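Please read the structure below before turning to the comments.
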Amino acid sequence: MASKFSATPEELSKIDHNPPKKGWMDTPVEFKEHTFCWGAKGKNLAALELPNARDWSPADEDWKLPENWQKIFLDGMKERLGKYRSFRLFMDICVRCGACADKCHFFIGGGDPKNMPVLRAELLRSIYRRYFTVSGRMFGRAARARDLTIDVLKELWYYYYQCTECRRCSVFCPYGIDQAEITIIGRELFNLLGLNIEWIAGPVANCYRVGNHVGLEPHTITSSVEFFCDDIEDVTGIRINPTFNRKGAEILFVAPSGDLFADPGTYTAMGYLMLFHELGLDYTWSTYASEGGNFGFFTSNEMGKRLNAKIYAEAKRLGVKWILGGECGHMWRVLHQYMDTWNGPADFMEVPVSPITGTRFENAKSTKMVHIAEFTADLIKHGKLKLDPSRNNHLNVTWHDSCNPSRAMGLLDEPRYVLKSVCNNFYEMPENTIREKTFCCGSGTGLNASENIELRMRGGFPRANAVKHVRDAHGVNMMSCICAIDRATLKALMEYWVPDVEISGLHELVGNALIMKGEKERTLDLRLVPLPGKAAKE
Amino acid sequence: MRILFSFIAVLALVLIAYAGVKTANLQFLFGVVVPYAAIALFICGFIYRVVKWGSSPVPFCIPTTRGQQKSLPWIAQNKLGNPSNTMEVIGRMFLEVFLFRSLFLNTKTEMTSSNRVVYGSEKFLWLASITFHYTFLIVLLRHTEFFVPTAPFFLDIIKSVDGFFEIGLPRLFLTGAVLLASTAYLFARRLYIPQVRYISLAADYFPLVLIIGIAITGMLMRYVYLTDLVSVKVLALGLLSFKPVIPEGIGPIFYVHLFLVSVLLAYFPLSKLMHMGGVFLSPTLNMANDSRMTRHINPWNYPVHVHTYEEYEDDFREKMIGAGIPVEKEGVVNGK
Numbered sequence: 001m002a003s004k005f006s007a008t009p010e011e012l013s014k015i016d017h018n019p020p021k022k023g024w025m026d027t028p029v030e031f032k033e034h035t036f037c038w039g040a041k042g043k044n045l046a047a048l049e050l051p052n053a054r055d056w057s058p059a060d061e062d063w064k065l066p067e068n069w070q071k072i073f074l075d076g077m078k079e080r081l082g083k084y085r086s087f088r089l090f091m092d093i094c095v096r097c098g099a100c101a102d103k104c105h106f107f108i109g110g111g112d113p114k115n116m117p118v119l120r121a122e123l124l125r126s127i128y129r130r131y132f133t134v135s136g137r138m139f140g141r142a143a144r145a146r147d148l149t150i151d152v153l154k155e156l157w158y159y160y161y162q163c164t165e166c167r168r169c170s171v172f173c174p175y176g177i178d179q180a181e182i183t184i185i186g187r188e189l190f191n192l193l194g195l196n197i198e199w200i201a202g203p204v205a206n207c208y209r210v211g212n213h214v215g216l217e218p219h220t221i222t223s224s225v226e227f228f229c230d231d232i233e234d235v236t237g238i239r240i241n242p243t244f245n246r247k248g249a250e251i252l253f254v255a256p257s258g259d260l261f262a263d264p265g266t267y268t269a270m271g272y273l274m275l276f277h278e279l280g281l282d283y284t285w286s287t288y289a290s291e292g293g294n295f296g297f298f299t300s301n302e303m304g305k306r307l308n309a310k311i312y313a314e315a316k317r318l319g320v321k322w323i324l325g326g327e328c329g330h331m332w333r334v335l336h337q338y339m340d341t342w343n344g345p346a347d348f349m350e351v352p353v354s355p356i357t358g359t360r361f362e363n364a365k366s367t368k369m370v371h372i373a374e375f376t377a378d379l380i381k382h383g384k385l386k387l388d389p390s391r392n393n394h395l396n397v398t399w400h401d402s403c404n405p406s407r408a409m410g411l412l413d414e415p416r417y418v419l420k421s422v423c424n425n426f427y428e429m430p431e432n433t434i435r436e437k438t439f440c441c442g443s444g445t446g447l448n449a450s451e452n453i454e455l456r457m458r459g460g461f462p463r464a465n466a467v468k469h470v471r472d473a474h475g476v477n478m479m480s481c482i483c484a485i486d487r488a489t490l491k492a493l494m495e496y497w498v499p500d501v502e503i504s505g506l507h508e509l510v511g512n513a514l515i516m517k518g519e520k521e522r523t524l525d526l527r528l529v530p531l532p533g534k535a536a537k538e
Numbered sequence: 001m002r003i004l005f006s007f008i009a010v011l012a013l014v015l016i017a018y019a020g021v022k023t024a025n026l027q028f029l030f031g032v033v034v035p036y037a038a039i040a041l042f043i044c045g046f047i048y049r050v051v052k053w054g055s056s057p058v059p060f061c062i063p064t065t066r067g068q069q070k071s072l073p074w075i076a077q078n079k080l081g082n083p084s085n086t087m088e089v090i091g092r093m094f095l096e097v098f099l100f101r102s103l104f105l106n107t108k109t110e111m112t113s114s115n116r117v118v119y120g121s122e123k124f125l126w127l128a129s130i131t132f133h134y135t136f137l138i139v140l141l142r143h144t145e146f147f148v149p150t151a152p153f154f155l156d157i158i159k160s161v162d163g164f165f166e167i168g169l170p171r172l173f174l175t176g177a178v179l180l181a182s183t184a185y186l187f188a189r190r191l192y193i194p195q196v197r198y199i200s201l202a203a204d205y206f207p208l209v210l211i212i213g214i215a216i217t218g219m220l221m222r223y224v225y226l227t228d229l230v231s232v233k234v235l236a237l238g239l240l241s242f243k244p245v246i247p248e249g250i251g252p253i254f255y256v257h258l259f260l261v262s263v264l265l266a267y268f269p270l271s272k273l274m275h276m277g278g279v280f281l282s283p284t285l286n287m288a289n290d291s292r293m294t295r296h297i298n299p300w301n302y303p304v305h306v307h308t309y310e311e312y313e314d315d316f317r318e319k320m321i322g323a324g325i326p327v328e329k330e331g332v333v334n335g336k
């Protein structure tokens, strides 16, 4: 892999959505440069006790599979057909109506027919039919059933790492067939053969031992946060001293580690710190449970559970009453739909109650974990925050709904309420590209690597296209979101497609607008950029 | 090839039944044995498939949410897109199953000449699907007149509405014609929409051609080769009372029609047509989005190997102490 990705946006946006003449079963997979991720390193697979730990490369002819890899794959499939009704049902009932075909961001931005959700599923269904149905066994190819050969395995792998489990197809499917569910199980099967990608296995190994994906050790976490507090002091004149691993705190706060690692996530972390300080919240960070995100979820359900277990374990050890969660997309898919089932019941905690407003979060009464957008919206609704939205007047903001909070939770109006309270210039993107119909950043589920940059730019094309629309119509220069992967990847996406739009988290804008007790006149925003007009005023 | 195969298969079925009755006098086979076998296969197969699905558990609460969740009391929840209790789930399922809501909300993605993507409304698939399913249902209900001695109450209503325009003699039933037209559209779109053509299997064309065959033979019987309905009713009632008789004077076209229906019934549980039962079981649709309110139980949840806090502190104790982070075991080095 020598050549650098050099395709211009003009070149990349020439997309042909018409499938080729030749049928898909006769079109062999081609591993195109810049569209796939590196294979997982043996040491990371070994650290996680995952099978077939060895270094390997998807670009190599030999994937160094165990001798009986077909049996492992098919046995794994059989086991999961018995364990997941979703899987068995979704293998059976698709009528191939095509409603999902043009809904996938990878298909819209790339035109490869195997990225139509229905066909991505058919790649695996053809195996299902061959080995698990009567018609497939009898009629073979005529019933679009095929043998599990090494080429078929490679094709499956290539396209199942071109799905970000965003669930947009599921929204449009008349039976709710969810390619995310099929991809999740497909990736579990690959992991039985040691076929993870390094961009997932590395962070998972980090998270398992060190506590977070980016591998921040405890003293690095405290020094990062201290560094943010220095910046906050520069901006507000107020010194904040947050606590870590403090027993007896009322609330444990868990954020995606990306917010501690790189901008613009770090500005979001500053927003959290300022808000909690202003409220006088009795809370603590944890260096052990220092990751809300969960790349284990992109490996297998078991690995997802193994990483997620830390959150409840730490809540129990510290004796907190409830947990507050930061801005992260797939983190909330896991916390909302999986955590309680995996590692609950969380009966050692109490139903979350906001100490500021007294609001009882009935919607989180079992998991005991509240989303920070819910928490902040409630504060603003009760008039508990003093806000000066004009400090965000230099920003024309649009809102990117992140996939998981939208389609696996329905967190849509809480962040909008917060956003509209902290900034004056807010513009929605077109209706078919927001809320439950939102588009993925194109880099979710561990596909936010650098070697697959073309895939990412293509996958993010529909999102960028909608941003371009509001930029041209309203002069939008900032897209806000509640997802750490978004914050890490949309920046590159915007630089490529819509260069003058920046990315922020929701609580960065909250931090800008928040009037803190005893603060000095603000002349800088949280990026330490001078606020236009503010320095001269008064 | 896939398309041709479907036509040839259905044509072969027609010829088998026609020749069987016309030249070999196999009325008993095609009028009694095959229908019984088909119904038995349909019922047993349908139950088998549903039980098979039901035997796989639903380990996680994974509804696909299409709208605002229930959270703070002053934020309006989208109850039918994002149900939080059983009643709301029933509401969502009703809209899906009876009105095909997802298809109604379908969009069409297109590229403009300036390489921008635009999304338009796309209602044809919804329109064709819903007319197909409902006209099929009405045609099915109309056929109940053959199976009960006196016509049920709804039959007159259906027939009078159905034949409202009083075209032709016997009166043209609109549903038959609309059923044929919508099936033909569903078939045609598989040919002319390139992406749909690309994904279509023989298993997608075959049932459509089969249903077109059923509709055409049915209409031929009603409007062209008039069939003795009294005799048909005698046969139908005989089948229903398990005292099968083959009355005289029923033309071969009837046996062709009946044979195609039998094939459809027998094929049903083997095929994607099972979406009829499956839609009710789909966990992304039929679950309430209440996973933070009520703990969902996974019957096969099992303990996993985790990295405990103790192990973590053993790895990082000195660094933690150095950074002023409280630890459980002060003064312990390397776990000793």
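These protein sequences, in sequence, are chains A and B.
So that you can map any letter, position 277 of the first sequence is 277 in this note's numbering, and since no number is skipped, the others follow by simple counting.
So that you can map any letter, position 123 of the second sequence is 123 in this note's numbering, and since no number is skipped, the others follow by simple counting.
Heads up, the beta-carbon is just placed ideally off N, CA and C, and yes, glycines get one too.
Computed from a predicted structure; not experimentally measured.
Assumed close pair Asp401/A, Leu385/A - CB separation to whole angstroms, cut-off 8 Å:
Position 401 of the first sequence, counted from the first residue, corresponds to residue 401/A. Position 385 of the first sequence, counted from the first residue, corresponds to residue 385/A. Contact flag wrong, Cβ pair sits at about 23 Å.
By DSSP's criteria, His371/A is part of a beta bridge. Which residues make up the other side?
Here residue 371/A refers to the residue found at position 371 when the first sequence is read from its first residue. His371/A is bridged to Gly325/A.
Alpha carbon to alpha carbon, how far is His55/B from Phe46/B?
By 1-based counting over the second sequence, the position of residue 55/B is 55. By 1-based counting over the second sequence, the position of residue 46/B is 46. Note that residue 55/B is Ser in the sequence shown, not His. Straight through space, the alpha carbons of Phe46/B and Ser55/B are spaced by roughly 14 Å.
Thinking just about the alpha-carbon of each residue, which of Gly265/A, Leu65/A, Ile185/A is nearest to the one in Ser86/A?
Start at 1 with the first residue of the first sequence, and residue 86/A comes out as number 86. For the residues Gly265/A, Leu65/A, Ile185/A, the minimum Cα distance to Ser86/A belongs to Ile185/A.
Would you list, in chain order, the members of the region 90-104 of chain A that have their beta-carbon closer than 7 Å to a beta-carbon of chain B?
Those residues of the region 90-104 of chain A that come within reach of chain B (Cβ to Cβ, closer than 7 Å) are Asp92, Ile93, Cys94, Val95, Arg96, Cys97, Gly98, Ala99, Ala101, Asp102.
If we count the other Cβ atoms within 10 Å of its Cβ and call it buried at 16 or more, is Asn25/B buried or exposed?
For this step, residue 25/B is matched to residue 25 along the second sequence. The residue is exposed, with fewer than 16 neighbouring Cβ atoms inside 10 Å.
Give the C-beta separation of Ile297/B and Glu181/A to the nearest angstrom, bearing in mind that I take them to be a contact with Cβ-Cβ under 8 Å.
As a working note, residue 297/B is residue 297 in the second sequence. As a working note, residue 181/A is residue 181 in the first sequence. No, Ile297/B and Glu181/A are not in contact; Cβ-Cβ is about 19 Å, not under 8 Å.
For a quick check, are the C-beta atoms of Leu258/B and Ile246/B less than 8 Å apart?
Mapped onto the second sequence, residue 258/B falls at position 258. Mapped onto the second sequence, residue 246/B falls at position 246. Going by C-beta atoms, Leu258/B is not nearer than 8 Å to Ile246/B.
Using a cut-off of 9 Å between C-beta atoms, extract the partners of Ala12/B located in chain A.
Here residue 12/B refers to the residue found at position 12 when the second sequence is read from its first residue. Under the 9 Å cutoff, chain A gives no residues; its nearest Cβ is about 15 Å from Ala12/B.
Go ahead and pull the three-state DSSP assignment for Met331/A.
Taking the first sequence and counting its residues from 1, one reaches residue 331/A at position 331. Of the three classes helix, strand and coil, the one that applies to Met331/A here is helix, per DSSP.
Which residues of chain B have a Cβ atom closer than 7 Å to the Cβ of Gln162/A, listed in chain order?
Within the first sequence, the letter at position 162 stands for residue 162/A. Result: empty, since nearest Cβ-Cβ is about 17 Å, beyond 7 Å.
Report the residues of the region 330-341 of chain A with a CB closer than 7 Å to any CB of chain B, ordered along the chain.
Along the region 330-341 of chain A, the positions whose C-beta sits under 7 Å from a C-beta of chain B are His336, Gln337, Tyr338, Asp340, Thr341, read in chain order.
Would Ala181/B count as contacting chain A if we go by Cβ distances under 8 Å?
For the purposes of this step, residue 181/B is taken as residue 181 along the second sequence, with counting starting at 1. No, Ala181/B does not count as interfacial toward chain A.
Listed in chain order, which residues of the region 163-177 of chain A have Cβ atoms closer than 9 Å to some Cβ of chain B?
Residues of the region 163-177 of chain A with a C-beta less than 9 Å from any C-beta of chain B: Arg167, Ser170, Val171, Phe172, Cys173, Pro174, Tyr175, Gly176, Ile177, listed in chain order.
Taking buried to mean at least 16 other C-beta atoms within 10 Å of its own C-beta, is His305/B buried or exposed?
Stepping through the second sequence from its first residue, residue 305/B is reached at position 305. Exposed: under 16 other Cβ atoms inside 10 Å.
DSSP three-state call for Glu165/A: helix, strand or coil?
As a position in the first sequence, residue 165/A is number 165, starting the count at 1. Glu165/A carries a coil assignment under DSSP once its states are collapsed to helix, strand and coil.
Rounded to the nearest angstrom, what separates Pro326/B and Met320/B at their Cα positions?
Position 326 of the second sequence, counting from 1, holds the residue named residue 326/B. Position 320 of the second sequence, counting from 1, holds the residue named residue 320/B. Between Pro326/B and Met320/B, the C-alpha separation is close to 7 Å.
Limits of the alpha helix (DSSP H) - the one that Tyr158/A falls within:
Sequence index remark: in the first sequence, residue 158/A carries index 158 (1-based). Residues 150-160.
Unbroken stretches of the alpha helix (DSSP H), 4 residues or longer, contained in the region 51-121 of chain B
Counting whole runs of 4 or more residues, the region 51-121 of chain B contains the alpha helix (DSSP H) stretches 86-99, 101-104.
Please identify the residue among Lys52/B, Leu281/B, Phe268/B whose C-alpha is closest to the C-alpha of Phe42/B.
Reading the second sequence from its first residue, position 42 is the one you call residue 42/B. Of Lys52/B, Leu281/B, Phe268/B, the residue nearest in Cα terms is Phe268/B.
Exposure label - Arg360/A; buried when at least 16 CB within 10 Å
Within the first sequence, the letter at position 360 stands for residue 360/A. Answer is exposed; the Cβ neighbour count stays below 16.
Between which two residues does the beta strand (DSSP E) harbouring Met479/A extend?
Taking the first residue of the first sequence as position 1, residue 479/A is located at position 479. Per DSSP, Met479/A belongs to the beta strand (DSSP E) from 478-481.
Taking Cβ positions, are Leu514/A and Met274/A nearer each other than 8 Å?
Against the first sequence, residue 514/A aligns to sequence position 514. Against the first sequence, residue 274/A aligns to sequence position 274. Taking 8 Å as the Cβ cut-off, Leu514/A and Met274/A qualify as a contacting pair.
Local conformation of Arg2/B per DSSP, three classes:
Working through the second sequence from its first residue, we reach residue 2/B at position 2. Three-state result, Arg2/B: helix.
Return helix, strand or coil for Pro530/A, following the three-state DSSP convention.
Reading the first sequence from its first residue, position 530 is the one you call residue 530/A. Three-state DSSP puts Pro530/A in a strand.
Cys166/A and Cys440/A: beta carbons closer than 8 Å?
Within the first sequence, numbered from 1, the residue matching residue 166/A stands at position 166. Within the first sequence, numbered from 1, the residue matching residue 440/A stands at position 440. Result yes, Cβ atoms of Cys166/A and Cys440/A sit closer than 8 Å.
Is Met479/A close to chain B? Criterion is C-beta to C-beta, closer than 8 Å.
Locating residue 479/A in the first sequence gives position 479, where the first residue counts as 1. The beta carbon of Met479/A sits no closer than 8 Å to any beta carbon of chain B.
Below-8 Å beta-carbon distance, Ser135/A vs any chain B residue
As a working mapping, residue 135/A is identified with position 135 in the first sequence. Closer than 8 Å: yes.
Measure the Cβ-Cβ separation of Pro264/A and Ser504/A and say whether it is below 8 Å.
Within the first sequence, residue 264/A is the residue found at index 264, counting from 1. Within the first sequence, residue 504/A is the residue found at index 504, counting from 1. By the CB criterion at 8 Å, Pro264/A and Ser504/A fall inside the cutoff.
Ignore the nearest five residues each way along the sequence and tell me which others in Pro244/B's own chain have a CB closer than 7 Å to its CB.
Against the second sequence, residue 244/B aligns to sequence position 244. Excluding sequence neighbours, Pro244/B sits near Val32, Gly238.
On the premise that Thr164/A lies in contact with Gly444/A, defined as a C-beta separation below 8 Å, what is that separation, rounded to the nearest angstrom?
Within the first sequence, the letter at position 444 stands for residue 444/A. Within the first sequence, the letter at position 164 stands for residue 164/A. The C-beta distance from Gly444/A to Thr164/A rounds to 4 Å, short enough to meet the 8 Å contact threshold.
Quick check: the region 452-464 of chain A against the region 26-42 of chain A, are there 3 or more CB pairs under 8 Å?
As far as the Cβ criterion goes, the region 452-464 of chain A touches the region 26-42 of chain A, which means the pair count is three or higher.
What residues in the region 266-295 of chain B have a beta carbon less than 7 Å from any beta carbon of chain A?
From the region 266-295 of chain B, only Leu270, Lys272, Met274, His275, Gly278, Val279, Leu281, Ser282, Pro283, Thr284, Leu285, Asn289, Ser291, Arg292, Met293, Thr294, Arg295 have a Cβ closer than 7 Å to chain A.
DSSP three-state label for Tyr427/A, please.
Position 427 of the first sequence, counted from the first residue, corresponds to residue 427/A. Taken through DSSP and simplified to helix, strand or coil, Tyr427/A comes out as coil.
Quick check on DSSP: helix, strand or coil for Gly322/B?
Here the question's residue 322/B lines up with position 322 in the second sequence. Helix, per DSSP.
Using three-state DSSP, classify Arg360/A as helix, strand or coil.
The sequence position of residue 360/A within the first sequence is 360, counting from 1. DSSP places Arg360/A in strand when its eight states are reduced to three.
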